[in-house]
Every structure is written in structure tokens, then in C-alpha cells.
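To keep things clear, I will list the structure first and then write my remarks on it.
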Ligand code: GLU
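Residue numbers (my numbering): 956 to 1374.
Listed below in C-alpha cells is the structure:
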């Protein structure tokens, strides 16, 4: 298996299989290495394109070992959050920590089990939490503004629009909107449950480009966090229910979520096109690292994002190894009509390449590249069948292993998507 991961685990296998399923080729370890490089490229692209971001911070990130709010960490987060706003991005913070802080303030040694005591802890802790954020933001000329939500605020359209308007209006001012569940009025029946879910719903509400979930884990791991062989997955291109099997239902001591609830939140967010990064909020510089595009945590790509990540990889990451020169009809079929590339439209094959390589598609007259794709044929075979229809190919080489020289799923029109 790939030396850079150094492990052949179930989770990694799953990760590779997801990718390989989309390729129709079996790349083996070479592909895994390519994907690691791809992960870094996608990371930069994702962050650079982010204009609206939701950051969720978990209770364990914000608490000291003796159940107090960690004001040093909050000060550092405030500085980094301000740094993100200073780049012109819109930002909403979803912060847990009210119940944890309230426990400390009320002298409760363990998280209460009953709702009234949880609500008492939340009522006490929330005021303190916002106060500390406000104090930490003030040196940067910012204030904290508090937004407490319940499930009903997402179910009723008028309330939903109201929340959205408020968040939109707050973006005009030097404030950081800080969202939490309104624990003091959330009864069991209307509870959102956990702030990972709340953050995913807020990200959908404001159509964020990126949701960052800061927790005390390094990201999605290939195995149990206590297993020294577990490795962090840098990238998940497509959410798969099987991912949920990678993690147990572990819960944190002070907050409510574990990795399972995080993945459910990831699913909610990615399904509406939001990219998600889960990273370790105990890293002192975590938000700066993320916004630099550093390879920390796990990036889950949102669905339906213009050019899919896979196509971005084909179109922009891998250097082409050869060229297919196409006639006018083939160009139109590929560029305008969403068709696969057939041998009949290929006028000439340039360069030498094995099958499965990225190849440029260029216009016969102008020489201009307008698409790229993964070739089902190596250069020698492609040259042999160029210009031929299926029946002619059968006569020439006996069989037709692939109907298309480049299948549509493995093809990206670069003339339309490159700006
Ligand atoms: N609303 C809870 C609090 O502020 C946190 C819930 C969660 O962490 O999921 O303590």
C-alpha cells in the first residue's frame, strides 16, 4: 500500500475505492499518491474560493481541564476569526461551551442528566461565554453578537427568513455573530440535539461555502483514535454512508457530539453543497492554518459544486501527457452536447502515453485546447483507431474494449469552466 499513508486499513481502502469507482480504471497505489497531491491542490482551491464561512467550536476545545472556559484559547480564536473577517469574508461562529461553562460556575462536577439542570447550566454559562468572546474581540475593534436558535427557527419559514436577515444584517458591522442552541427553552421534543448539526443547518441557511468544525480530534481517521496505526484522511471526495461505520458512537465528556454526529452534520452540509473541514481546535493556529490551505484535518467536498472535484482534478491538476486533435463535429459533440469522445472524431494523436492518462483535446483548425480527459486507450491503440467508427474498429483490431476513447464522466470541458 501507499508508503505515504503507510497503512492498509479498512478506512483507507474505502477512501481509495470511492475514488476508483469513479475512474473505471484500477490505479492501485500510484493513484493514492496522486490523490494525496490532489488533496493539497483541492484544499487551496476550496479555501481560496470561500467567501462565507461557518466555524463551529466544540465545548472540549473551549474548556480547561478544570471545566473553566479557556480564555487564552478564546482570545487566540478571536484573533484568528478577526483575521478571516479582515480578508472580506463573511463569518458566523457556532459556539458550544455554555453548559460546560455553567457547570464550572455552578460547581457541578458532572454534566447534569436532567433537562432543568442542563438548562440552568446553559443559562449561567451562555452569558459568561459571550462575555469572554466579547472581551477577546474588543482589542480587534469587534464585538460579539449573540443568536440563540431552536429547531423551530429552522422549521417555520418566517422564522428561518428572520434568522437569515439578521445574520445578513450583522455582516454589515464589525461583529462576529455567535450562534448557540437556545438550551434554556429547548425542550426534548424541539431540541436540535447537538451543535454540529446546528452548525450544518446554519451553513445551509446562509449558503456558506465552507463549514469548519473544530473539535479535539485531528480529523476523520482510518481507525480508532487510540490505535497508533490510525491515519488521518486528508480528503473525502464524496460522502458515503459507509463512512459512518469507520467511527463508533463515541461522545465527548462535556459536549454532546462525537465523530458520528460530526459525520451526520458533514452529510447534511455536503448534501447542500457546503465543503466541510473537521480539524483539531487545540492546535494553537488552527484557523490560520486552514485558511492558508495547510494539510490539516479532513476536507469533505460539498456536492454539486459546478465543476466536481474529480473533474477539477482531471482538468486542472494533472498535466496532460498527449493530445487528441479533433474535427469540428467531435469538438461540438464534446464541448456543446455533453457527449463522450469517440474515435471517429479524432483526426490525429500526438505524444506517447499509456492508457488512463490525462490527454488534451484540441481543435484541428486553431490548435486550441478546449477539454481534457482520461484516455481509455494508449497512444498506439488510439492512433490505430483514430477516425474510425465502431464497425471499422472491430475490423481493424478485432474487439472494441471501450466504446468511447474518453468517457464523459472522465472528461472536463476546460474552455467553458476556465475563467
Ligand atoms: N448548546 C450546548 C452548549 O452550549 C452545546 C451542545 C453541543 O456541544 O453540541 O453547551
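Beta carbons: idealized from backbone N, C-alpha and C, even for Gly.
Cβ neighbours of residue 1048 within its own chain (closer than 6 Å, five residues either side excluded): 1010, 1131 and 1133.
If you check the C-beta of residue 1131 against the ligand GLU, you find no heavy atom less than 7 Å away.
Going by C-alpha positions, residue 1036 is about 23 Å away from residue 1257. Rounded to whole angstroms, the separation of the alpha carbons of residue 995 and residue 1279 is 29 Å. The straight-line gap separating the alpha-carbon atoms of residue 1286 and residue 1202 is approximately 47 Å.
Taking residue 1100 as the centre and dropping the five residues before and after it, the same chain places the C-beta of 1125, 1130 and 1132 closer than 6 Å to its C-beta, in chain order. Excluding its 5 nearest sequence neighbours in each direction, residue 1369 has C-beta neighbours in its own chain below 7 Å: 1270, 1324, 1325, 1326 and 1327, listed in chain order. Measuring C-alpha to C-alpha distances from residue 1329 to each of 1340, 1156, 1341 and 1315 identifies 1315 as the nearest. Non-local beta-carbon contacts of residue 1118 in its own chain, meaning distances under 6 Å to residues more than five positions away in sequence, involve 1108 in chain order. Taken from the Cβ of residue 1014, at least one heavy atom of the ligand GLU lies inside 7 Å.
Counting the other Cβ atoms within 10 Å of the Cβ of residue 1135 gives 16 or more, which makes it buried. Take the alpha-carbon of residue 1079 and the one of residue 1365: they are about 55 Å apart. Three or more beta-carbon pairs drawn from the segment 1334-1343 and the segment 1296-1310 are found closer than 8 Å, and the two stretches are therefore classed as touching. In the three-state DSSP reduction, residue 1318 falls in the strand class (E or B). DSSP, reduced to helix, strand and coil, places residue 1109 within a helical segment of the structure shown.
One thing to note: residue 1053 has its Cβ no nearer than 8 Å to the Cβ of residue 1032. Straight through space, the alpha carbons of residue 1062 and residue 1074 are spaced by roughly 15 Å.
Look at residue 1094 here: in three-state DSSP terms it is helix. Residue 1327 has 1315 and 1367 as its beta-bridge partners, per DSSP.
Looking at the DSSP output, residue 1101 sits in a beta bridge with 1133. Contact between residue 1005 and residue 1044 holds: CB atoms are separated by about 7 Å, below the 8 Å threshold.
Distance from residue 1178 to residue 1185 at the Cβ level is roughly 4 Å; contact confirmed, criterion being Cβ atoms closer than 8 Å. Contact between residue 1227 and residue 1159 holds, since their C-beta atoms are separated by about 5 Å, short of 8 Å.
DSSP places residue 1029 within a helical segment (H, G or I) once states are collapsed to three. Beta bridge pairing from DSSP links residue 1045 with 1007. Straight across, the Cα-Cα distance linking residue 1358 with residue 1313 is about 18 Å. By the C-beta density criterion, residue 1347 is exposed, having fewer than 16 other C-beta atoms within 10 angstroms. With respect to the 8 Å criterion, residue 1303 and residue 1219 are not classified as neighbours on the basis of their beta carbons. By the Cβ-count criterion, residue 1116 is exposed, with fewer than 16 other Cβ atoms from all chains shown falling within 10 Å of its own Cβ. If you ignore the 5 residues before and after residue 1223, its C-beta comes within less than 6 Å of the C-beta of 1155, all in its own chain and listed in chain order. The beta carbon of residue 1246 lies closer than 7 Å to those of 1002 and 1039 in the same chain, with the five residues before and after it left out. Spanning the alpha carbons of residue 1351 and residue 1333 requires a straight line of approximately 16 Å. In the structure shown, the three-state DSSP call for residue 1184 is coil.
The beta carbons of residue 1255 and residue 1277 sit no closer together than 8 Å. With a threshold of 7 Å, the Cβ atom of residue 1219 does not count as near the ligand GLU, since no heavy atom of the ligand is closer than that.
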